[in-house]
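See below for the structure under consideration.
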């Protein structure tokens, strides 16, 4: 009986200590605060790498000078259906902001990330850095076809 009383007393003490009202360093967290990591390097989400094509089935994407608005509208629908859970257009969220993504990444890299996120995370250094920057949140494989991924890419061109 005395052991049970001591365990209850210990649990109450731990509960009171954890609810002491003291702030921890996460209370003022701002995901958009800085583009530099503590070691002075640019964050993966802000890094520009247009040479990396990623790992996956897409090796070459030819972008027409003019945006295909019908394809972009299809891509917007797909983005709103599958991607907005983790990605916002203008703001970082669970994943990076999509506005200007094609100023930072090659079209091939973007499509490979959409089509093969697990393979990219396993083999692509930039995808690994993004995974770490976004607190170990892996991108989900939404099962999109190449044509659907290309439509999403066309939508990104409009942002």
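Residue numbers (mature numbering (1 follows the signal peptide of the UniProt record, and there is no 0)): -17 to -1, 1 to 142.
Every residue gets a Cβ at the ideal spot worked out from N, C-alpha and C, and that includes glycine.
Quantities reported herein were computed from a predicted structural model and do not represent experimental measurements.
Exercise for review: Taking only the alpha-carbon atoms, compute the straight-line gap between residue 48 and residue 142 and give it to the nearest angstrom.
Suggested key: The residue labelled residue 48 in the question sits at position 65 within the chain shown. The residue labelled residue 142 in the question sits at position 159 within the chain shown. The straight-line gap from Cα to Cα measures roughly 15 Å.
**Study point:** Reduced DSSP category for residue 135 - H, G, I as helix; E, B as strand; rest coil
**Key:** For the purposes of this step, residue 135 is taken as residue 152 along the chain shown, with counting starting at 1. Three-state result, residue 135: helix.
Review point. Are residue 135 and residue 97 touching if we call contact CB-CB under 8 Å?
Key: For the purposes of this step, residue 135 is taken as the residue at position 152 of the chain shown. For the purposes of this step, residue 97 is taken as the residue at position 114 of the chain shown. Yes, the pair counts as a contact, with Cβ atoms nearer than the cut-off.
Practice item. Return the CA-CA distance between residue 32 and residue 112, expressed in angstroms with no decimal places. Key: By one-based count along the chain shown, residue 32 stands at place 49. By one-based count along the chain shown, residue 112 stands at place 129. Each residue's alpha carbon lies about 13 Å from the other.
Review point. Near residue 81, which residues of its chain fall below 8 Å by C-beta distance, leaving aside the five closest residues on each side in sequence?
Key: Walking along the chain shown from the start, residue 81 turns up at place 98. Around residue 81: 62, 66, 70, 71, 72, 139 and 142.
**Study point:** Enclosing alpha helix (DSSP H) for residue 122 [first to last residue]
**Key:** For the purposes of this step, residue 122 is taken as the residue at position 139 of the chain shown. Neither: residue 122 is in no alpha helix (DSSP H) and is coded neither H nor E.
Exercise for review: Taking residue 34 as the reference, give the member of 130, 108 and 102 with the closest Cα.
Suggested key: One-based indexing of the chain shown puts residue 34 at position 51. Ranking 130, 108 and 102 by Cα distance to residue 34 puts 108 first.
Practice item. Alpha carbon to alpha carbon, how far is residue 130 from residue 58? Give it in angstroms, no decimals. Key: Within the chain shown, the letter at position 75 stands for residue 58. Within the chain shown, the letter at position 147 stands for residue 130. When rounded, the distance between both Cα atoms is 10 Å.
Check your understanding: Nearest to residue 45 by CA position, among 100, 94 and 99, is which residue?
Key -> As a first step, residue 45 must be located in the chain shown, where it is residue number 62. For residue 45, the nearest C-alpha among the options comes from 94.
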